[in-house]
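Chemist: Before I ask anything, here is the structure I am working with.
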Amino acid sequence: MRTATRQGLIRARMYGANQAEGEVLVFLDSHCEVNTDWLQPLLTRIIDNRVNVVVPVIDIINADTMELQNSPLVVGGFNWGLHFRWDQLPVHVRDNPDVASNPVKSPTMAGGLFAMDRSYYFELGEYDSGMDIWGGENLELSFRIWQCGGRLEIVPCSHVGHIFRKRRPYGSYGEGDTMLKNSLRVANVWMDDYKKYFYKQRQQPTDVSYGDISDRVALRKRLHCKSFEWYLSNVYPEQVLPNSEGVAPAVIHPPEKRLKTKVLRKGQIVHTTSGLCVQGEKDIYAKRSMLILQHCGQAGKEKKYQIWHETVDSELILASVLCLDVESKEQGHSFARLMKCHGSKGSQAWVWTKKSGVSLLYNPATGKCLKATNKSKRIYLTFDICQDNTDMAFEMSVQ
1 MRTATRQGLI RARMYGANQA EGEVLVFLDS HCEVNTDWLQ PLLTRIIDNR
51 VNVVVPVIDI INADTMELQN SPLVVGGFNW GLHFRWDQLP VHVRDNPDVA
101 SNPVKSPTMA GGLFAMDRSY YFELGEYDSG MDIWGGENLE LSFRIWQCGG
151 RLEIVPCSHV GHIFRKRRPY GSYGEGDTML KNSLRVANVW MDDYKKYFYK
201 QRQQPTDVSY GDISDRVALR KRLHCKSFEW YLSNVYPEQV LPNSEGVAPA
251 VIHPPEKRLK TKVLRKGQIV HTTSGLCVQG EKDIYAKRSM LILQHCGQAG
301 KEKKYQIWHE TVDSELILAS VLCLDVESKE QGHSFARLMK CHGSKGSQAW
351 VWTKKSGVSL LYNPATGKCL KATNKSKRIY LTFDICQDNT DMAFEMSVQ
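Heads up, the sequence shown is in UniProt numbering, so the first residue is 1 and it goes up one at a time.
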């Protein structure tokens, strides 16, 4: 089927759903490949309860080689700029012996791959037709599912591969910043007083136009949907509220106190291709400092400032002070930075993995790996889709 004019992802999905005749709608991005017996586990949960909206585990297909890489079991979350992120499983879920086979509730979904009862999709109000092209629709639908009586789950027994591209191969063609407009609609319909954190995080003027939302506000009232405070308390209690500046670290535990019981190992993180070590660009106490590669210190302060502590919570803490963290994109790159340890995993959780024999440092929350990037006469640490290339080869030299 083809529409007469370009509709963008959101309205194209609405068009497809209106043409479909089956009892269940399955939405898949075009750049996906399903695995064996992927559909039955999803349908089973919908048969169990028609308000279950279900998502497979999204495995990674390398955009260059088409190689399939299994993903760990994680759940969807969001930051206060209303960008989707992957979060680690809550401790009580991770410690469940049946976690590998039982459906796991997820506060949000990535949006590209999910299934739901067709009649329930229409009862719930479809997608928001006031949104343009792409962006924010996944969080809007996630909030609506939970706040209006549904349930969103990751189903571990269903796996679908997805190509994570390095850039979006299309633009907005004069539509403006569709991500911002769509996110404003989400905030003003579903987030109640919590929308102030979005405005602070994005630093957007309150008079930016996001179109008429009266029909979506009426939908929320008609469905007797719960408040966003209820959502945070009952669905996403792990989410951290920002401080007065709109910045979201929260419970900060003194690193030296935590390390006495939680450290697994310590050592320098070495970029094996160059033989250089990872350290902060500035002083070890400088929050938001970028990370760079420098000659590996052999003794004294030079070495101390390159010693990382790996904890049982999958944190990497430099010199017992600040945590390795993923920051938002700047100039096309997602930079590694030193941030206060928040104890909530997500952007501060790290997994050592191997790909074709190459040791990689993987962040499940972003689905990306640490990478050495030449920029302005220095080698900075950034993130990209995991590949077995020399820029991503890191290992810990244990002390």
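Just so you know, even glycine gets a beta-carbon here, dropped at the ideal spot from N, CA and C. Source: prediction; values computed, not measured.
1. Over what stretch of residues does the alpha helix (DSSP H) that includes methionine 14 continue unbroken?
2. If you draw a straight line from the alpha carbon of alanine 248 to that of threonine 36, how long is it in whole angstroms?
3. Could you name the residues of the same chain whose beta carbon sits closer than 6 Å to that of phenylalanine 143, not counting the 5 residues immediately before and after it, in chain order?
4. Answer with buried or exposed for arginine 45, where buried requires no fewer than 16 other C-beta atoms within 10 angstroms of its C-beta.
5. Helix, strand or coil: which one does DSSP assign to asparagine 35?
6. Quick one: residues in its chain with C-beta nearer than 8 Å to the C-beta of cysteine 148, no 5 flanking neighbours on either side, listed in chain order?
7. Count the CB pairs spanning the segment 317 to 325 and the segment 339 to 349 that are closer than 8 Å, and state whether there are at least three.
8. I'd like to check one pair, isoleucine 60 with glycine 357: are the Cβ atoms closer than 8 Å?
9. Whole angstroms is fine: what's the gap from leucine 89's alpha carbon to alanine 4's?
10. With 16 other CB atoms within 10 Å as the buried threshold, where does aspartate 313 fall?
11. Using DSSP's beta-bridge definition, name the partner residues of glycine 280.
12. Taking 8 Å as the threshold (C-beta atoms), are methionine 290 and tyrosine 199 in contact?
13. Should isoleucine 154 and alanine 110 be called a contact, given that it needs their Cβ atoms to be closer than 8 Å?
14. For the structure I just gave you, are there three or more beta carbon pairs, one from the segment 23 to 41 and one from the segment 125 to 138, closer than 8 Å?
15. Closest to valine 93 by CA distance: which of Trp86, Val75 and Trp80 is it?
16. For cysteine 323, list the residues DSSP reports as bridge partners.
17. On a Cα-Cα basis, can you pick out the residue from Thr382, Val186, Gln19 and Tyr210 that is closest to glycine 136?
18. Are the beta-carbon atoms of valine 51 and leucine 113 separated by less than 8 Å?
19. Specify the secondary structure class of glutamate 123 as computed by DSSP and reduced to three states.
Modeler: This is what the structure gives:
1. Reading the sequence shown from its first residue, position 14 is the one you call residue 14. Unbroken alpha helix (DSSP H) run through methionine 14: 8 to 19.
2. Sequence index remark: in the sequence shown, residue 248 carries index 248 (1-based). Sequence index remark: in the sequence shown, residue 36 carries index 36 (1-based). A caution first: alanine 248 carries a pLDDT of 49, below 50, which makes its placement in the model unreliable, though a value can still be read off. Alanine 248 and threonine 36: Cα-Cα distance of roughly 40 Å.
3. Position 143 of the sequence shown, counted from the start, is the residue given in the question as residue 143. Here the set comprises Trp190.
4. Residue numbering aside, residue 45 sits at position 45 when the sequence shown is read from its first letter. Counting Cβ neighbours within 10 Å, arginine 45 comes out buried, since at least 16 surround it.
5. What you label residue 35 is simply residue 35 of the sequence shown in a count that begins at 1. In the structure shown, asparagine 35 sits in coil (DSSP, three-state: anything other than H, G, I, E or B).
6. Position 148 of the sequence shown, counting from 1, holds the residue named residue 148. Hits under 8 Å: Leu124, Arg220, Leu223, His224, Cys225 and Lys226.
7. yes
8. Taking the sequence shown and counting its residues from 1, one reaches residue 357 at position 357. Taking the sequence shown and counting its residues from 1, one reaches residue 60 at position 60. No.
9. Within the sequence shown, residue 89 is the residue found at index 89, counting from 1. Within the sequence shown, residue 4 is the residue found at index 4, counting from 1. Going by the C-alpha atoms only, they are around 43 Å apart.
10. In the sequence shown, counting from the first residue as 1, residue 313 sits at position 313. Buried, by the Cβ-count rule.
11. Here residue 280 refers to the residue found at position 280 when the sequence shown is read from its first residue. Answer is Leu291.
12. Within the sequence shown, residue 199 is the residue found at index 199, counting from 1. Within the sequence shown, residue 290 is the residue found at index 290, counting from 1. Result no, Cβ atoms of tyrosine 199 and methionine 290 do not sit closer than 8 Å.
13. For this step, residue 154 is matched to residue 154 along the sequence shown. For this step, residue 110 is matched to residue 110 along the sequence shown. Contact: no.
14. no
15. Stepping through the sequence shown from its first residue, residue 93 is reached at position 93. Of the candidates Trp86, Val75 and Trp80, the one whose C-alpha sits nearest the C-alpha of valine 93 is Val75.
16. Here the question's residue 323 lines up with position 323 in the sequence shown. Looking at the DSSP assignment, cysteine 323 forms a beta bridge with Ile317 and Met339.
17. For the purposes of this step, residue 136 is taken as residue 136 along the sequence shown, with counting starting at 1. Glycine 136 has its Cα closest to that of Val186, out of Thr382, Val186, Gln19 and Tyr210.
18. Here residue 51 refers to the residue found at position 51 when the sequence shown is read from its first residue. Here residue 113 refers to the residue found at position 113 when the sequence shown is read from its first residue. In this structure, leucine 113 does not lie closer than 8 Å to valine 51 by Cβ.
19. To locate residue 123, count along the sequence shown from 1; it is residue 123. Correct three-state label for glutamate 123: helix.
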